[in-house]
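Enquirer: Attaching a single structure in structure tokens format; questions to follow.
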Amino acid sequence: MNKAIILASENIHTLHKWIQQVFTDRNGKGLEVMEELISSFDPEFTMITQQGKVIGVPEVKQLFTSSLGKRPKLEIIIEDIVPIFNDKGIVTIRYCEIHHECHQYKKRISTAIIDTSSEKLRWLYLHETPISE
4 MNKAIILASE NIHTLHKWIQ QVFTDRNGKG LEVMEELISS FDPEFTMITQ
54 QGKVIGVPEV KQLFTSSLGK RPKLEIIIED IVPIFNDKGI VTIRYCEIHH
104 ECHQYKKRIS TAIIDTSSEK LRWLYLHETP ISE
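Heads up: take any position in the sequence shown, counting from 1, add 3, and you land on our numbering.
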């Protein structure tokens with residue numbers, strides 16, 4: 004596996020660890036990681052939510068800010084990371100994201116485009132699709 008794909012794969016885990024910290028605010032760590040989390044998104048980042056809405060960084064920031072500590076029992080699990088395409092460090096990658104909370108599991112398949120070409124990795128795009136069980 005090449006370096007860009009390894010970096011993107013590792014970054015998926017890192018980003019979701021930060022998201023979990025924000026949602027749970029365990030040990031007051033949510034606010035600590037908020038700036039790093041938000042700065043991981045390119046200023047032109049767009050996301051297609053599970054509801055099909057297109058949002059950008061301002062809406063993502065609002066989501067995380069308003070969700071700080073609101074889901075203390077949340078565990079986020081990342082599985083099945085599959086690289087799709089890599090061009091000069093711009094990696095398209097698919098993964099399964101599982102939210103485990105209060106004995107319930109909610110799954111989604113996500114496709115992300117992550118720029119690994121500089122020291123600071125940037126998320127350019129994310130599309131989430133819910134999985135019905």
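In this text, a Cβ means the ideal position worked out from N, Cα and C, and glycines have one as well. Here the structure is a predicted model, which is why all the values come from computation and not from measurement.
1) From residue 26 to residue 88, what distance separates their C-alpha atoms?
2) So, for residue 114: in the same chain, excluding its five sequence neighbours on each side, which residues have a beta-carbon less than 6 Å away from its beta-carbon?
3) For residue 125 and residue 6, I'd like the C-alpha separation in whole angstroms.
4) Just the C-alpha distance for residue 61 and residue 10, rounded to the nearest angstrom, thanks.
5) For residue 55, count neighbouring Cβ atoms within 10 angstroms of its own Cβ and tell me buried if that reaches 16, exposed if not.
6) Taking Cβ positions, are residue 104 and residue 71 nearer each other than 8 Å?
7) Alpha carbon to alpha carbon, how far is residue 82 from residue 133? Give it in angstroms, no decimals.
8) Kindly indicate which three-state DSSP category residue 109 falls into: helix, strand or coil?
9) Per DSSP, which residues does residue 90 bridge with? Please list them.
10) For the alpha helix (DSSP H) containing residue 33, name the first residue and the last one.
11) Quick one: Cα of residue 58 to Cα of residue 123, how far?
Expert: Quick look at the numbers:
1) 31 Å
2) 97 and 130
3) When rounded, the distance between both Cα atoms is 15 Å.
4) 25 Å
5) exposed
6) Pairing residue 104 with residue 71 gives a Cβ-Cβ distance that is not under 8 Å.
7) Each residue's alpha carbon lies about 15 Å from the other.
8) strand
9) 93
10) Element bounds for residue 33: 33–42.
11) 22 Å
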